[in-house]
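As structure tokens, the structure follows; a few thoughts come after it.
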Amino acid sequence: MKFSYFNKSGSRFGLTSIARGITSTLSTLAPKFSALLGETILMKPYSRREYYFEHIKPDKELNLQTSMGIAHVNLFGSGDRVVIASHGWGDNSNSFDQMILSLTRQGYTVAAIDHIGHGRSSGNSSNLLSFIETLELLIEQFNEERIEVDAIIGHSMGAIAALNLPNYLLESKKVILISSPIKFFELMFEKVEQAGISRKLLTRVLESISHQHGKKWQQLTTENNRDKLALDLTFIHDRQDRYAPFDDVTQYLQQEKNTLIETQGLGHRRILSDTNVIKNITQVLSA
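My numbering puts the first residue of the sequence shown at -15, with every later residue one more than the last.
Now the structure itself:
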């Protein structure tokens, strides 16, 4: 079953209340099995694995060994300033196609990640902690090579992953968060319940993933990362975003000094290829 959290292709079981009851009972009586089953159902992004870049081709490719497999990174340009691009759930690095072209013309090198279970990376499942791990490993690799990362651009779940990076990896960098699902876990639980699946099953899955990565999923909420707002963070969000509510962002940033760039009618994903949005991003990076 294809299960999507932050795009159109959502999922629903036919007998919602019955399915919810079954998955709840299973989570109670067989926690280990239910966690495995839950990962199979809920943590498969079904990203497009084969794709091509229409506007620009990668100059190099990089493969990172992560705890969940090989993460593929497309490298564009040859500038001294490096920008990392981190896509969202069920997407791939191709989502930044037009933006990458503009950034390379501005003299940047762009490192566009295919997260585990997405694009040309290995695996069929993924999760937020895996996104975070890949970002950490990529930045650390650049640091080892004495290549300075100027900025991180994250979209949707990729934005939440960037927000969860350790402070020392974000300091002195510009961080641009696009279409951020501020109430990330609340939205996940809501989507799961709409599909007729018990909250208990998702909780089992999150606890299992937490154990595998040695981190508690409850620590990954945006509220727990509020201290990061003191860093150089810019938010870009569409008022009509149906998957990451605009009001959640405005409430989160209330009384904060971070820049919020608003758009109208672009939705959750088209925002990435909008000419004005890309222009705003280049202005933020050059400021």
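Ideal Cβ positions, reconstructed from N, Cα and C, are used throughout, including at glycine.
Note that the structure is a prediction, hence the values are computed from the model and not measured.
### Task
Rounded to whole angstroms, what's the CA-CA distance from S86 to E38? Just pull it up for me.
Counting from 1 along the sequence shown, the entry for residue 86 is found at position 102. Counting from 1 along the sequence shown, the entry for residue 38 is found at position 54. Going by the C-alpha atoms only, they are around 13 Å apart.
### Message
Considering Cα atoms alone, identify which of R183, T93, L112 is closest to K199.
### Response
On the sequence shown, residue 199 is found 215 positions in, with the first residue counted as 1. For K199, the nearest C-alpha among the options comes from L112.
### Task
Would you check if there are 3 or more beta carbon pairs closer than 8 Å linking the region 205 to 214 to the region 184 to 195?
no
### Query
I162 and I255: beta carbons closer than 8 Å?
In the sequence shown, residue 162 corresponds to position 178, counting from 1. In the sequence shown, residue 255 corresponds to position 271, counting from 1. Going by C-beta atoms, I162 is nearer than 8 Å to I255.
### Task
Work out the CA separation of Q90 and Q82 for me, nearest whole Å.
In the sequence shown, counting from the first residue as 1, residue 82 sits at position 98. In the sequence shown, counting from the first residue as 1, residue 90 sits at position 106. So the alpha carbons of these two residues sit roughly 13 Å apart.
#### Entry: Among G103, T206, I160, the one whose alpha carbon lies nearest that of H56
Translated into the one-based positions of the sequence shown, residue 56 becomes position 72. It is G103 whose Cα lies nearest to the Cα of H56.
#### Entry: Classification of E240 by the beta-carbon crowding that lies within 10 angstroms, buried from 16 upward
Here the question's residue 240 lines up with position 256 in the sequence shown. E240 should be labelled exposed.
### Query
Is the region 151 to 165 in contact with the region 92 to 110, if contact means three or more CB pairs nearer than 8 Å?
no
### Best match in I245, S270, D258, E120 for proximity to N148 [C-alpha to C-alpha]
Within the sequence shown, residue 148 is the residue found at index 164, counting from 1. The option with the nearest alpha carbon to N148 is E120.
### Task
Please specify which runs of the beta strand (DSSP E), each continuous and at least 3 residues long, are wholly inside the region 100 to 162, giving them in chain order.
133 to 139, 158 to 162
### Message
Per DSSP, what are the beta-bridge partners of K44 in this structure?
### Response
Residue numbering aside, residue 44 sits at position 60 when the sequence shown is read from its first letter. Answer is L59.
### Query
So what does DSSP say about S1, is it helix, strand or coil?
For the purposes of this step, residue 1 is taken as the residue at position 17 of the sequence shown. Per-residue confidence for S1 stands at a pLDDT of 48, beneath the threshold of 50, marking its modelled position as unreliable; no derived number is given.
#### Entry: Residue environment, Y227, which counts as buried when at least 16 other CB atoms sit within 10 Å
By 1-based counting over the sequence shown, the position of residue 227 is 243. Y227 should be labelled buried.
#### Entry: S270 versus E246: straight-line alpha-carbon distance, rounded
In the sequence shown, the residue the question calls residue 270 occupies position 286. In the sequence shown, the residue the question calls residue 246 occupies position 262. Using only the alpha carbons, I get a separation of about 19 Å.
#### Entry: Cα-Cα separation, H252 to E128
Start at 1 with the first residue of the sequence shown, and residue 252 comes out as number 268. Start at 1 with the first residue of the sequence shown, and residue 128 comes out as number 144. Taking the straight line from one Cα to the other gives about 35 Å.
### Task
Enumerate in chain order the residues of its own chain whose CB-to-CB distance from A145 is below 7 Å, with the five nearest sequence positions on each side excluded.
As a first step, residue 145 must be located in the sequence shown, where it is residue number 161. Result list for A145: S70, L112, F115, I116, L119, G138, in chain order.
#### Entry: Of the listed residues D64, L59, S51, I220, nearest to S257 (C-alpha basis)
As a first step, residue 257 is located in the sequence shown; it is residue number 273 there, counting from the start. Cα-wise, what sits closest to S257 is I220.
### Task
Report the three-state DSSP secondary structure of A271 (helix, strand or coil).
Working through the sequence shown from its first residue, we reach residue 271 at position 287. Three-state result, A271: coil.
### Message
Tell me the rounded alpha-carbon separation between S105 and R223.
### Response
Start at 1 with the first residue of the sequence shown, and residue 105 comes out as number 121. Start at 1 with the first residue of the sequence shown, and residue 223 comes out as number 239. Using only the alpha carbons, I get a separation of about 32 Å.
### Query
What's the gap between the Cα of R32 and the Cα of N264?
By one-based count along the sequence shown, residue 32 stands at place 48. By one-based count along the sequence shown, residue 264 stands at place 280. When rounded, the distance between both Cα atoms is 28 Å.
### Query
Applying the criterion that 16 or more other CB atoms from any shown protein chain within 10 Å of the CB defines a buried residue, is T218 buried or exposed?
For the purposes of this step, residue 218 is taken as the residue at position 234 of the sequence shown. Label assigned to T218: buried.
### Query
Where does the unbroken alpha helix (DSSP H) through D231 begin, and where does it stop?
For the purposes of this step, residue 231 is identified with residue 247 of the sequence shown, where counting begins at 1. Where D231 is concerned, the enclosing alpha helix (DSSP H) stretches over 230 to 236.
### Query
Is it right to say R4 is buried, meaning 16 or more other beta carbons lie within 10 angstroms of its own, or is it exposed?
By 1-based counting over the sequence shown, the position of residue 4 is 20. For R4, the predicted structure reports a pLDDT of 44, less than 50, and the residue's modelled location is therefore unreliable. The matter cannot be settled from this model.
### Query
If you check the beta carbons only, do W73 and M141 fall under 8 Å apart?
For the purposes of this step, residue 73 is taken as the residue at position 89 of the sequence shown. For the purposes of this step, residue 141 is taken as the residue at position 157 of the sequence shown. Yes, these two residues count as a Cβ contact at 8 Å.
### Query
What is the rounded straight-line gap between the Cα of A179 and the Cα of S109?
The residue given as residue 179 occupies position 195 in the sequence shown. The residue given as residue 109 occupies position 125 in the sequence shown. Roughly 19 Å between the two C-alpha positions.
### Task
Could you check if T259 is buried or exposed, using at least 16 other CB atoms within 10 Å of its CB as the buried criterion?
Translated into positions along the sequence shown, residue 259 becomes position 275. So T259 counts as exposed.
#### Entry: Cβ distance (whole Å) where G107 is taken to contact M52 below 8 Å
One-based indexing of the sequence shown puts residue 107 at position 123. One-based indexing of the sequence shown puts residue 52 at position 68. Contact holds; Cβ gap of about 6 Å.
#### Entry: Neighbourhood of L153 by C-beta distance below 7 Å, restricted to the same chain and skipping five residues each side
Working through the sequence shown from its first residue, we reach residue 153 at position 169. The answer, listed in chain order, is E120, I123.
### Task
Give the DSSP bridge partners of R65, in chain order.
Here residue 65 refers to the residue found at position 81 of the sequence shown. In the DSSP output, where bridge partners are listed per residue, R65 has Y92.
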